[in-house]
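To start, the structure itself, in structure tokens.
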Amino acid sequence: MKVSNDAEAAPTGPLSELFHLQTEFQARLAEETLRYLRRLQGTLGPAAPGTVLSPGPGDGLRAAGAPGETVVLSLELENLQRVHCVVSPQLTPLVSTEGATWFPAAETAPYRLVAPGETTVLTLALPLPGVLPPGCYRGALVLQGFRDGAVAIEVAVSAPAPVRRAARRRG
Amino acid sequence: MSPATADRLRLVDAPDESRTTTTLVASLAGRLGVLPLVSGAMAVGSLVSGFAALGRQVGRTVEGAQLRRALEAGRPGVNGPVLWRALRLDELAASAAPSPVLDQLRNDLALLLAGDLDETLALMPIPPQPAGASVPDAGPRPEFLDCMLGMWAFGRELAWAVEALAAPTLDPAGAVETGAPPAREAPGPVLR
Chain B
5 MKVSNDAEAA
15 PTGPLSELFH
25 LQTEFQARLA
35 EETLRYLRRL
45 QGTLGPAAPG
55 TVLSPGPGDG
65 LRAAGAPGET
75 VVLSLELENL
85 QRVHCVVSPQ
95 LTPLVSTEGA
105 TWFPAAETAP
115 YRLVAPGETT
125 VLTLALPLPG
135 VLPPGCYRGA
145 LVLQGFRDGA
155 VAIEVAVSAP
165 APVRRAARRR
175 G
Chain A
127 MSPATADRLR
137 LVDAPDESRT
147 TTTLVASLAG
157 RLGVLPLVSG
167 AMAVGSLVSG
177 FAALGRQVGR
187 TVEGAQLRRA
197 LEAGRPGVNG
207 PVLWRALRLD
217 ELAASAAPSP
227 VLDQLRNDLA
237 LLLAGDLDET
247 LALMPIPPQP
257 AGASVPDAGP
267 RPEFLDCMLG
277 MWAFGRELAW
287 AVEALAAPTL
297 DPAGAVETGA
307 PPAREAPGPV
317 LR
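If you're matching them up, the sequences are chains B and A in order.
Here the first sequence stands for residues 5 to 175, numbered as in our numbering.
Here the second sequence stands for residues 127 to 318, numbered as in our numbering.
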């Protein structure tokens, strides 16, 4: 068996490898046992019926604008359940193809009660900051509590309009 | 403002689940019925684990991500996890199944607005359906910041829910009432 006098060197040899494997096995066994017990406990507990999203004909929400403008996204939600639903939309950060990340400040009602059979329209106004680099920004509108229910969002931001020469002369 | 596309989505029942007044009453009764059978540690652990699961979802949104980043950068981002591990709250939460706290809150709220509650309660006791395969995977080990974000999201939704319930019959701000205020209790023999 090779023994090193270097304190930082990792121990080698068949016994240390066996010890390493055994430790790893014990740790994974404990973790998996815990996971199994958690799932067993959850499975036996009373169900909490939830809500899921049935996708519409579109493949998400799209908008386009220039920095300084405000784009509007609109989403219709129809409650086909037999009891009231709650809708609380939240945006994820939007990431452009060039790598810029935009944390939009959306203007929307954060909470909506939807009665059975009712259709409600969610409207989100997204002001595009003046410093936002041009590009195609993608993200999602998360409807919390709907089991990973989210709507894809795409906002195309164009370059700001060039200042006219005439306007410059006047200034 | 520039124009945008609109999409239309439907809110429906999850597969093999039905969200009706009967199933919601059964779910609430089932939760209360289980309480005497489980330990306090398990009940609290399940709630903490549920808040952490909610916090993980919320952390993906703009508000949640910003809040999490701000908390991480300050002293709570250091002291919280230290307390979490020292008091073994991580083990408490990791050993319990996450409680679907948001679904439960929304289901209980829907019961307060149900038009057929009396008829449904007349059918009691209604056996609850076990969660079975519908229970989500517990996910990674619960963390302090996830739990904190989850409690924030839950608290915010609870406040919105109470306001939404009261809104249809709420007096407008600045209202003035003249005359004697209505008596809240029937006068007893002492007051007569």
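We put the beta carbon where it would ideally sit given N, CA and C, even for glycine.
Here the structure is a predicted model, which means the values were calculated and not measured.
Under 7 Å between C-beta atoms of residue i and residue j
i: T187 of chain A; j: T96 of chain B; result: yes
i: V161 of chain B; j: V118 of chain B; result: no
i: G185 of chain A; j: L275 of chain A; result: yes
i: A222 of chain A; j: M168 of chain A; result: yes
i: E111 of chain B; j: A129 of chain B; result: yes
i: W278 of chain A; j: Y115 of chain B; result: no
i: E143 of chain A; j: P59 of chain B; result: no
i: P137 of chain B; j: A104 of chain B; result: yes
i: T84 of chain A; j: R151 of chain B; result: Summary: the structure shown does not reach residue 84 of chain A, with chain A confined to residues 127 through 318, and so no result is reported for it.
i: L145 of chain B; j: L135 of chain A; result: no
i: V138 of chain A; j: L84 of chain B; result: yes
i: S225 of chain A; j: S153 of chain A; result: no
i: T127 of chain B; j: E82 of chain B; result: no
i: C273 of chain A; j: A140 of chain A; result: no
i: G79 of chain B; j: D133 of chain A; result: The question names Gly, yet the displayed sequence has Leu at residue 79 of chain B. Contact: yes.
i: R42 of chain B; j: E158 of chain B; result: no
i: P266 of chain A; j: S175 of chain A; result: no
i: V151 of chain A; j: L180 of chain A; result: no
i: G153 of chain B; j: L147 of chain B; result: yes
i: G17 of chain B; j: A156 of chain B; result: no
Limits of the alpha helix (DSSP H) - the one that residue i falls within
i: S153 of chain A; result: 147-160
i: A30 of chain B; result: Per the sequence presented here, residue 30 of chain B reads as Gln, with Ala not at that position. Q30 of chain B -> alpha helix (DSSP H) spans 18-48.
i: E217 of chain A; result: 215-220
i: T304 of chain A; result: Segment: none, T304 of chain A is in no alpha helix (DSSP H) and carries neither H nor E.
i: A236 of chain A; result: 227-238
i: L57 of chain B; result: Taken as a continuous stretch (DSSP letters only), L57 of chain B belongs to no alpha helix (DSSP H), being part of the beta strand (DSSP E) at 55-58.
i: A212 of chain A; result: 202-212
Cβ separation of residue i and residue j, assumed to be a contact under 8 Å, to the nearest whole Å
i: V75 of chain B; j: A68 of chain B; result: 7 Å
i: A220 of chain A; j: L33 of chain B; result: Not a contact, Cβ separation roughly 15 Å.
i: Y141 of chain B; j: L98 of chain B; result: 4 Å
i: P164 of chain B; j: G49 of chain B; result: Actually they are not in contact, since the Cβ atoms of P164 of chain B and G49 of chain B sit about 55 Å apart, beyond 8 Å.
i: L231 of chain A; j: E283 of chain A; result: 6 Å
i: E189 of chain A; j: Q94 of chain B; result: 7 Å
i: L197 of chain A; j: L247 of chain A; result: Going by Cβ atoms, the distance from L197 of chain A to L247 of chain A rounds to 43 Å, so no, they are not a contact pair.
i: L239 of chain A; j: H88 of chain B; result: 5 Å
i: Q192 of chain A; j: F107 of chain B; result: 6 Å
i: D229 of chain A; j: G46 of chain B; result: Not quite, the Cβ-Cβ distance comes to about 13 Å (not below 8 Å), so this is no contact.
Boundaries of the beta strand (DSSP E) in which residue i is found, first to last residue
i: A67 of chain B; result: 65-69
i: T246 of chain A; result: That residue, T246 of chain A, is in no beta strand (DSSP E); its alpha helix (DSSP H) goes 243-247.
i: A287 of chain A; result: Premise fails: A287 of chain A lies in the alpha helix (DSSP H), 270-292, not in any beta strand (DSSP E).
i: A154 of chain B; result: 154-161
Residue i: contacting residues in chain D (beta-carbon distance under 8 Å)
i: L228 of chain A; result: The structure shown contains no chain D; its protein chains are B and A.
Cβ contact (3+ pairs, closer than 8 Å) linking the segment 188-203 of chain A and the segment 244-254 of chain A: no
Validate contact between the segment 119-127 of chain B and the segment 208-223 of chain A using beta carbons, cut 8 Å, 3 pairs: no
Alpha helix (DSSP H) runs contained entirely in the segment 164-191 of chain A, provided each spans 4 or more residues: 166-184
Sequence ranges, beta strand (DSSP E) only - wholly within the segment 81-152 of chain B, length at least 3: 89-91, 93-95, 98-100, 116-118, 123-131, 139-147
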